Amino acid sequence: MSWDDFAKHAKDAADWGADYHKTIRDRPVRAQTAPGDIAQQLADAPPEDGTDLATIMEDFDRIVMPGITHWQHPRFFAYFNSNAAPASVLAEFLTSIIAPQCMLWQTSPAATEMETRMMDWLRQSLGLPDIYQGVIQDSASSATLAAVLTMRERALNFRGNIEGLHGQPQLRIYCSDQVHSSIDRAIWVAGIGQDNLVKIRTTGDLRHMDPIDLEAAIAEDKMAGRIPAGVIAATGATGMGACDDLDSVAAVAEKHGLYSHLDAAWAGTAMICPEFRTLWTGAERFDSIVFNPHKWLGAQFDCAAHFLRDPDQLRQTLAIRPEYLKTHGAEDIIDYSEWSIPLGRRFRALKLWFLMRHYGMEGLRNRIRNHVTWSQALCERLRAEDDFEIVTEPILSLWTFKATSASDEQTQALVDAINNDGRIYLTQTIVDGQKVIRFQAGQFDCEERDFDTAFDTITEIARSL
281 MSWDDFAKHA KDAADWGADY HKTIRDRPVR AQTAPGDIAQ QLADAPPEDG TDLATIMEDF
341 DRIVMPGITH WQHPRFFAYF NSNAAPASVL AEFLTSIIAP QCMLWQTSPA ATEMETRMMD
401 WLRQSLGLPD IYQGVIQDSA SSATLAAVLT MRERALNFRG NIEGLHGQPQ LRIYCSDQVH
461 SSIDRAIWVA GIGQDNLVKI RTTGDLRHMD PIDLEAAIAE DKMAGRIPAG VIAATGATGM
521 GACDDLDSVA AVAEKHGLYS HLDAAWAGTA MICPEFRTLW TGAERFDSIV FNPHKWLGAQ
581 FDCAAHFLRD PDQLRQTLAI RPEYLKTHGA EDIIDYSEWS IPLGRRFRAL KLWFLMRHYG
641 MEGLRNRIRN HVTWSQALCE RLRAEDDFEI VTEPILSLWT FKATSASDEQ TQALVDAINN
701 DGRIYLTQTI VDGQKVIRFQ AGQFDCEERD FDTAFDTITE IARSL
């Protein structure tokens with residue numbers, strides 16, 4: 281393909297993309313295909329001869345699109361949205377065209393210096409103190425793994441990477457019973473082991489980690505000769521939005537000299553609105569914090585903002601400097617590959633620059649406020665119906681419900697029927713041992729009318745079963 285041909289096809293793709301988003305409400309939110317439907321339309325072996333792009337695009341529409349769940353659909357109310365604001369999409373398009381590998385300052389100074397500045401813009405927007413420095417990771421999962429590795433190395437006096445874990449003392453990490461499964465996976469990958477992830481019971485409407493139980497678990501481990509290494513708190517956990525009392529968790533961590541990490545992957549974006557910051561009072565006491573601008577802020581996936589009080593501890597955990605990765609003749613530069621688990625790095629800061637400049641922080645705040653207002657209004661509408669019950673109250677734009685007196689099987693049947701209908705997309709979760717329906721709002725372009733559709737769909741289908 282010549283670059284002249286590329287220009288033509290790129291314009292066609294942009295026109296297709298604009299039409300896709302303008303008509304996306306006409307599509308079922310979740311893919312309606314059965315397992316294997318897509319695979320059976322794909323050739324068993326790669327082609328020997330090339331195919332023109334027009335034919336490939338026709339096949340894309342025919343084969344691929346029926347099997348796509350539309351994460352940018354305004355009525356995607358299931359998982360936390362992986363958003364793609366148009367300005368962010370344009371930035372990603374430009375990034376794909378120039379295709380830089382931004383592992384070092386010298387491999388693209390603009391990427392490194394823009395990342396430093398964009399992370400500081402985000403820090404200011406969240407109201408965090410200027411002691412924090414930031415790095416863009418691919419996901420909150422990677423940031424959490426980096427935090428767990430730092431906990432491990434700190435507790436072992438930075439000897440784990442050198443000597444290995446065999447024969448080392450038993451390390452313990454603490455979190456609530458509401459945390460995301462990425463915490464468990466980080467414990468596995470770090471070699472600490474599932475049995476050494478101590479999940480503390482939660483209490484109260486926000487399902488926060490009980491600080492008395494946390495303190496008791498640490499004391500018990502110390503008495504048994506185990507080494508407490510770190511604690512992971514949550515603001516807006518995935519299941520029903522659980523929020524820890526961060527001041528109390530931080531106080532325990534500080535008392536015992538534990539590294540503290542805050543997972544605010546979804547809810548962290550809402551902290552650009554000052555009125556929501558009561559949910560993470562005490563966040564500024566944590567050693568590291570992560571939230572995903574690719575969820576609620578509108579940045580194209582992938583983009584996780586990872587803030588650190590002392591980046592040297594992370595660099596000491598992850599940095600490796602062979603000669604070919606050294607930049608000679610330049611002082612006071614940052615090589616962000618030393619702050620991340622992968623060596624290779626994408627130019628993720630560009631989409632943040634486009635996004636924040638184009639919409640402005642007040643424009644982004646207003647979207648979040650609308651999502652919270654509309655979601656909570658829907659909750660109240662459903663509460664007023666005799667045949668529904670609200671199981672957990674709204675935390676920002678997330679809440680759970682079920683049909684009154686429904687069994688787990690009936691609840692799952694309702695979720696399945698709603699998703700097969702196609703007008704909206706929901707998912708289920710477990711709260712206090714019972715299956716409930718989880719509603720969350722955060723798609724970048726959703727409107728109040730989409731919540732009206734959600735109410736109509738939920739009530740109509742529930743009453744037809």
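The numbering used here applies: residue 281 is where the sequence shown begins, and numbers increase by one. For glycine and all other residues, C-beta sits at the position ideal for the given N, C-alpha and C. Note that the structure is predicted; figures quoted are calculated from it, not measured.
Asked: Looking only at its own chain, which residues have a Cβ that is under 6 Å from the Cβ of residue 386, when we skip the five neighbours before and after it?; Found: 607
Asked: Considering just the uninterrupted stretch of the alpha helix (DSSP H) at residue 492, what are its terminal residues?; Found: 491-503
Asked: Assuming residue 359 and residue 709 make a contact with CB atoms under 8 Å, what is their CB distance in whole Å?; Found: Wrong, their Cβ atoms sit about 11 Å apart, outside the cutoff.
Asked: Quick one: Cα of residue 567 to Cα of residue 478, how far?; Found: 19 Å
Asked: Measure the beta-carbon distance from residue 357 to residue 719 and round it to whole angstroms, keeping in mind my assumption that it falls under 8 Å.; Found: 5 Å
Asked: Would you kindly report the start and end of the unbroken alpha helix (DSSP H) that includes residue 317?; Found: Element bounds for residue 317: n/a, residue is neither H nor E.
Asked: What do you get for residue 375, buried or exposed, if any count of 16 or more other CB atoms within 10 angstroms of its CB means buried?; Found: buried
Asked: With burial defined as no fewer than 16 other Cβ atoms inside 10 Å of the residue's Cβ, what is the status of residue 369: buried or exposed?; Found: buried
Asked: Three or more beta-carbon pairs under 8 Å between the stretch 631-645 and the stretch 673-684, yes or no?; Found: no
Asked: Expressed to the nearest angstrom, what Euclidean distance is found between the alpha-carbon atoms of residue 443 and residue 627?; Found: 34 Å
Asked: Please report the distance separating the alpha-carbon of residue 623 from that of residue 738.; Found: 46 Å
Asked: Under the three-state reduction of DSSP, which class applies to residue 452: helix, strand or coil?; Found: strand
Asked: Residues bridged to residue 584 by DSSP?; Found: 417
Asked: Tell me which residues share the same chain as residue 493 and place their Cβ nearer than 7 Å to its Cβ, disregarding the 5 neighbours each side in the sequence.; Found: 480 and 481
Asked: Does residue 546 come out as helix, strand or coil in the three-state DSSP assignment?; Found: coil
Asked: Please classify residue 606: does DSSP put it in a helix, a strand, or coil?; Found: coil
Asked: Determine the direct distance from the alpha carbon of residue 741 to that of residue 694, and round the result to whole angstroms.; Found: 7 Å
Asked: Compute the minimum distance between the beta carbon of residue 710 and the heavy atoms of the ligand FAD, and state whether it is under 7 Å.; Found: You won't find the ligand FAD in this model; it holds no ligand whatsoever.
Asked: Can you tell me whether residue 422 is helix, strand or coil according to DSSP?; Found: helix
Asked: Is the distance from the Cβ of residue 619 to the Cβ of residue 591 below 8 Å?; Found: yes
Asked: Work out the CA separation of residue 409 and residue 564 for me, nearest whole Å.; Found: 7 Å
Asked: Run through the DSSP bridge pairs and tell me what residue 568 is partnered with.; Found: 541 and 588
Asked: Determine the DSSP secondary structure at residue 365, reduced to helix, strand or coil.; Found: coil
Asked: Thinking residue 476 and residue 439 are a contact (beta carbons under 8 Å), I'd like their distance in whole angstroms, please.; Found: Not confirmed; about 18 Å, so no contact.
Asked: Would you kindly report the start and end of the unbroken alpha helix (DSSP H) that includes residue 531?; Found: 526-536
Asked: What would DSSP say about residue 359, mapped onto helix, strand or coil?; Found: coil
Asked: Expressed to the nearest angstrom, what Euclidean distance is found between the alpha-carbon atoms of residue 522 and residue 337?; Found: 44 Å
Asked: Give the DSSP bridge partners of residue 715, in chain order.; Found: 710
Asked: Could you please give me the residues that DSSP links to residue 514 through a beta bridge?; Found: 543
Asked: Between which two residues does the alpha helix (DSSP H) containing residue 395 stretch?; Found: 389-406
Asked: When we look at the beta-carbon of residue 344 and count the other beta-carbons within 10 Å, is it buried (16 or more) or exposed?; Found: exposed
Asked: Could you give the DSSP three-state label for residue 679: helix, strand or coil?; Found: strand
Asked: Relative to the alpha-carbon of residue 401, which residue among 586, 726, 373 and 508 has its alpha-carbon at the smallest distance?; Found: 586
Asked: Between which two residues does the alpha helix (DSSP H) carrying residue 291 extend?; Found: 283-302
Asked: In whole angstroms, what is the alpha-carbon distance linking residue 485 and residue 398?; Found: 35 Å
Asked: Buried or exposed for residue 469, going by 16 or more other Cβ atoms inside 10 Å?; Found: exposed
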